[in-house]
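Student:
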Amino acid sequence: MKLCMIGTGYVGLVSGACFSDLGNSVVCVDIDKNKINQLKQGIIPIYEPGLEEIVKKNIKNKRLSFSFDFDKSIKDSDIIFICVGTPKKNNGNADLTQVYHVAKKLSKLINKYKIIVTKSTVPVTTGDKIQTILSKKNKDNKYSIVSNPEFLREGEAIRDFIYPDRIVIGSNDVKANRIMNNLYAPLISKGAQYFHTSRRAAELIKYSSNAFLATKITFINEIANLCEKIGINIEDISIGMGLDKRIGGRFLRAGPGYGGSCFPKDTKAIISTANFFKTNLSLVKSVVKSNDNRSKLLLLRVYKILNNRIKNKNITFLGVTFKANTDDMRDSSSIKMIPALSKKGAKIKYFDPTGFKNEFSKIKNVKYCNSIKNSLDKADLVIIHTEWNDFKSINFKNFAKNKKFIIYDMRNIYSPSKIKKQGFKYFSVGR
Ligand code: UGA
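Going letter by letter, the sequence shown gives residues 2 to 432 in the numbering used here.
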């Protein structure tokens with residue numbers, strides 16, 4: 002099938018590359034000429050393990066191409082995926098400017114039957130609005146509008162694409178559903194569940210899934226607070242709860258709160274949609290509030306660990322991205338913690354496997370180090386902020402020759418007893 006991905010951000014690029022790997026002919030378009038020129042040479046603008054290999058392989062076998070010729074790419078394709086950004090507006094709503102802009106352009110270019118699929122995360126009824134825009138110029142209905150939400154996780158995106166738990170297709174017509182089912186046939190045959198529903202339901206499934214996962218994380222984080230008070234290990238609680246198949250063990254890892262480009266944005270957007278439809282999502286509202294407060298809570302623990310003497314303390318952050326296997330800093334808790342500690346006079350060093358971060362370039366007394374070793378030099382407190390594999394088997398003794406630093410493991414990577422045996426003061430989350 003001939004596919005066109007509009008937008009070469011995370012969703013468009015990963016899905017486009019993976020669809021081409023399944024044997025389709027895919028063109029990815031973007032208004033950013035520089036990005037397209039780089040992609041043509043196989044230079045990937047994001048950090049995603051495995052993506053570069055797939056892109057290069059499929060450019061070589063001519064199944065994947067990149068273009069800024071929007072009109073030609075649309076005219077040549079059978080299925081068009083809208084993968085543009087839907088950033089958060091100040092009022093919490095998703096900003097749909099780019100989606101509607103694309104819809105208007107598409108409305109002038111439909112020359113034969115096409116399926117237009119929204120992969121961007123869009124609030125319920127967006128598909129209806131796209132339909133209205135298209136119907137103004139296309140009275141003979143040579144198109145179908147489908148919602149096919151994306152469930153890829155950054156850092157695991159290729160695997161999530163190839164082995165999805167489910168493929169959700171929201172469409173109100175049989176023909177589009179049949180074609181989408183064919184497109185996904187190679188994944189369905191490997192065991193992926195294919196769920197066909199109404200377009201509005203598919204749109205809401207995406208937001209509800211993200212809001213639910215954010216709730217699960219926030220729930221376990223609050224239970225972790227309780228565990229710290231009682232002296233119980235949160236991991237026992239996560240395991241004990243997760244063994245119940247109705248609950249499931251995934252997304253029950255306590256930590257510094259959820260971040261990234263999706264959960265913080267989507268929880269606020271679903272509240273906003275519910276407000277519009279005069280429904281109170283009180284549970285999701287309190288999840289947002291609890292998560293917003295999480296960094297502050299962990300900072301208070303840092304102050305307590307340092308006996309409230311923060312000035313001139315050497316604090317090292319191992320990892321600053323919102324999670325491992327990504328270079329993404331969006332809504333990472335480190336963005337709140339590092340400036341707050343700097344304001345109190347701490348001297349901060351950080352190491353991240355994805356390198357220097359502009360976010361801290363203007364913050365006083367914050368220094369990027371190019372190795373774990375350099376970052377740990379003279380540290381008073383080491384904060385393990387992100388769960389990169391690089392940090393999972395550090396022999397801290399080798400780095401603490403002259404003095405023993407304190408370790409605050411915000412991801413519960415290490416066994417408390419083992420680290421304590423080595424003579425380090427060790428703190429973690431909920432245990
Ligand atoms: C999330 C969803 O998991 C994807 O299914 C979805 O497609 C994506 O959003 C999206 O809407 O595009 P992502 O933001 O890449 O994916 O990252 P996650 O792995 O879900 O992690 C989100 C945050 O929750 C991170 O800050 C992570 O550290 C935190 N988290 C996750 C926990 O604190 N505990 C957990 O047990 C799991």
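For glycine and all other residues, C-beta sits at the position ideal for the given N, C-alpha and C.
1) Spell out the partners DSSP gives Gly-171 in its beta bridges.
2) Does the beta carbon of Arg-432 fall short of 7 Å from some heavy atom of ligand 1?
3) Within the present structure, is the beta-carbon of Glu-155 separated from the nearest heavy atom of ligand 1 by less than 7 Å?
4) Where does Asn-396 sit, in a helix, a strand or coil, going by DSSP?
5) Flag this pair as touching only if the segment 169 to 183 and the segment 145 to 155 have three or more C-beta atom pairs under 8 Å; answer yes or no.
6) On the premise that Lys-120 lies in contact with Val-12, defined as a C-beta separation below 8 Å, what is that separation, rounded to the nearest angstrom?
7) Would a C-beta distance cut-off of 8 Å place Leu-299 and Phe-352 closer than the cut-off?
8) Please look up how many angstroms separate the CB atoms of Ala-212 and Asp-267, rounded, as I've assumed it's under 8 Å.
9) Does DSSP put Asp-410 in a helix, in a strand, or in coil?
10) Report yes if the CB atom of Val-118 is closer than 8 Å to the CB atom of Glu-204, and no otherwise.
11) Is Cys-370 helix, strand or coil when you go by DSSP?
12) Among Pro-417, Lys-365, Ala-18, which has the Cα closest to the Cα of Arg-160?
13) Tell me, please, whether the segment 402 to 409 touches the segment 333 to 353 by the rule of three or more beta-carbon pairs shorter than 8 Å.
14) Does the separation of the CB atoms of Ile-75 and Leu-40 fall below 8 Å?
15) Is it true that the segment 322 to 341 meets the segment 372 to 390, where meeting means three or more beta-carbon pairs spaced less than 8 Å apart?
16) Can you list, in chain order, the residues of its chain with a C-beta nearer than 7 Å to that of Gly-93? Leave out the 5 residues immediately preceding and following it.
17) For Ile-336, which residues of its own chain have a beta-carbon under 7 Å away from its beta-carbon, when the five flanking residues on both sides are left out?
18) Considering only residues of the same chain and omitting the five flanking positions on each side of Lys-138, which have a CB-CB separation below 7 Å?
19) Flag this pair as touching only if the segment 174 to 188 and the segment 94 to 104 have three or more C-beta atom pairs under 8 Å; answer yes or no.
20) With a 10 Å radius around its C-beta and 16 neighbouring C-beta atoms as the bar for buried, classify Leu-184 as buried or exposed.
21) Using a Cβ-based criterion (distance less than 7 Å to any ligand heavy atom), does Glu-151 qualify as near ligand 1?
22) Let me check you understand the geometry: is the CB of Leu-14 closer than 7 Å to at least one non-hydrogen atom of ligand 1?
23) Work out the CA separation of Asp-332 and Cys-5 for me, nearest whole Å.
24) Measuring straight from C-alpha to C-alpha, what distance separates Gly-346 and Glu-229?
25) When burial is assigned at 16 or more other CB atoms within 10 Å of the CB, is Thr-317 buried or exposed?
26) Relative to ligand 1, is the shortest distance from any of its heavy atoms to the C-beta of Leu-110 smaller than 7 Å?
27) Please say whether Ser-334 and Gly-258 have beta carbons closer to each other than 8 Å?
28) Here's a check: name, in chain order, each residue in its chain whose Cβ is nearer than 7 Å to the Cβ of Phe-20, leaving out the five neighbours to either side.
29) Taking C-beta to C-beta, are Gly-431 and Ile-235 nearer than 8 Å?
30) Mapping DSSP to helix, strand and coil, what is Phe-357?
31) Just verifying my parser: in three-state terms, what is the DSSP assignment at Met-181?
32) At 4 residues or longer, what runs of the alpha helix (DSSP H) sit wholly inside the segment 254 to 309?
33) Please list, in chain order, all residues of the same chain as Asn-313 whose beta carbon is under 8 Å from its beta carbon, the five residues on each side excluded.
34) What does the Cβ neighbour count give for Gly-128, buried or exposed, with the cut at 16 atoms within 10 Å?
35) Assign Arg-200 to buried or exposed, taking buried as 16 or more other Cβ atoms, counted over all protein chains shown, within 10 Å of its Cβ.
Tutor: Let me lay it out:
1) The sequence position of residue 171 within the sequence shown is 170, counting from 1. The partner list for Gly-171 (beta bridge, DSSP) reads Ser-148, Thr-198.
2) What you label residue 432 is simply residue 431 of the sequence shown in a count that begins at 1. Outside the cutoff, so no.
3) Stepping through the sequence shown from its first residue, residue 155 is reached at position 154. Glu-155: yes, Cβ under 7 Å from ligand 1.
4) For the purposes of this step, residue 396 is identified with residue 395 of the sequence shown, where counting begins at 1. Coil.
5) Touching, yes.
6) Mapped onto the sequence shown, residue 12 falls at position 11. Mapped onto the sequence shown, residue 120 falls at position 119. The pair is a contact, with the Cβ atoms about 5 Å apart (cut-off 8 Å).
7) For the purposes of this step, residue 299 is taken as the residue at position 298 of the sequence shown. For the purposes of this step, residue 352 is taken as the residue at position 351 of the sequence shown. No.
8) On the sequence shown, position 211 is the one that residue 212 refers to. On the sequence shown, position 266 is the one that residue 267 refers to. With 8 Å as the limit, Ala-212 and Asp-267 qualify as a contact, their Cβ atoms being about 7 Å apart.
9) Here the question's residue 410 lines up with position 409 in the sequence shown. Looking at Asp-410 - three-state DSSP - the assignment turns out to be strand.
10) Taking the first residue of the sequence shown as 1, we reach residue 118 at position 117. Taking the first residue of the sequence shown as 1, we reach residue 204 at position 203. No, Cβ-Cβ distance for Val-118 and Glu-204 is not below 8 Å.
11) On the sequence shown, residue 370 is found 369 positions in, with the first residue counted as 1. Cys-370: coil per DSSP, three-state reduction.
12) Here the question's residue 160 lines up with position 159 in the sequence shown. Cα-wise, what sits closest to Arg-160 is Ala-18.
13) no
14) Numbered from its first residue, the sequence shown carries residue 75 at position 74. Numbered from its first residue, the sequence shown carries residue 40 at position 39. No, they are not a contact pair.
15) Look at the beta carbons and you see the segment 322 to 341 touching the segment 372 to 390: at least three pairs across the two are nearer than 8 Å.
16) The residue given as residue 93 occupies position 92 in the sequence shown. Here the set comprises Lys-269, Ala-270, Ile-272, Ser-273.
17) Here residue 336 corresponds to residue number 335 of the sequence shown, with the count starting at 1. Same-chain partners within the cutoff: Met-330, Glu-360.
18) In the sequence shown, counting from the first residue as 1, residue 138 sits at position 137. Excluding positions up to five away in sequence, the list reads Ser-108, Lys-109.
19) no
20) Reading the sequence shown from its first residue, position 183 is the one you call residue 184. Leu-184 should be labelled buried.
21) Taking the first residue of the sequence shown as position 1, residue 151 is located at position 150. Yes; taking the cut-off as 7 Å, the Cβ of Glu-151 has a heavy atom of ligand 1 nearer than that.
22) Walking along the sequence shown from the start, residue 14 turns up at place 13. For ligand 1, not one heavy atom lies less than 7 Å from the Cβ of Leu-14.
23) The count along the sequence shown starts at 1 and reaches residue 5 at position 4. The count along the sequence shown starts at 1 and reaches residue 332 at position 331. So the alpha carbons of these two residues sit roughly 30 Å apart.
24) Position 345 of the sequence shown, counted from the start, is the residue given in the question as residue 346. Position 228 of the sequence shown, counted from the start, is the residue given in the question as residue 229. Straight through space, the alpha carbons of Glu-229 and Gly-346 are spaced by roughly 28 Å.
25) Your numbering for residue 317 matches position 316 in the sequence shown. In this structure Thr-317 is buried. Its beta-carbon is surrounded by 16 or more other beta-carbon atoms within 10 angstroms.
26) The residue given as residue 110 occupies position 109 in the sequence shown. Answer for Leu-110: no, Cβ out of range of ligand 1.
27) For the purposes of this step, residue 258 is taken as residue 257 along the sequence shown, with counting starting at 1. For the purposes of this step, residue 334 is taken as residue 333 along the sequence shown, with counting starting at 1. For Gly-258 and Ser-334, yes; Cβs fall inside 8 Å.
28) Against the sequence shown, residue 20 aligns to sequence position 19. Excluding positions up to five away in sequence, the list reads Leu-4, Val-27.
29) Here residue 431 refers to the residue found at position 430 of the sequence shown. Here residue 235 refers to the residue found at position 234 of the sequence shown. Closer than 8 Å, so yes.
30) For the purposes of this step, residue 357 is taken as residue 356 along the sequence shown, with counting starting at 1. Of the three classes helix, strand and coil, the one that applies to Phe-357 here is coil, per DSSP.
31) For the purposes of this step, residue 181 is identified with residue 180 of the sequence shown, where counting begins at 1. Residue state, collapsed to three classes: helix.
32) 264 to 277, 283 to 306
33) As a first step, residue 313 must be located in the sequence shown, where it is residue number 312. The answer, listed in chain order, is Gly-346, Ala-347, Lys-348.
34) Along the sequence shown, read from residue 1 onward, the residue named residue 128 stands at position 127. Gly-128 should be labelled buried.
35) One-based indexing of the sequence shown puts residue 200 at position 199. Answer is buried; the Cβ neighbour count reaches 16.
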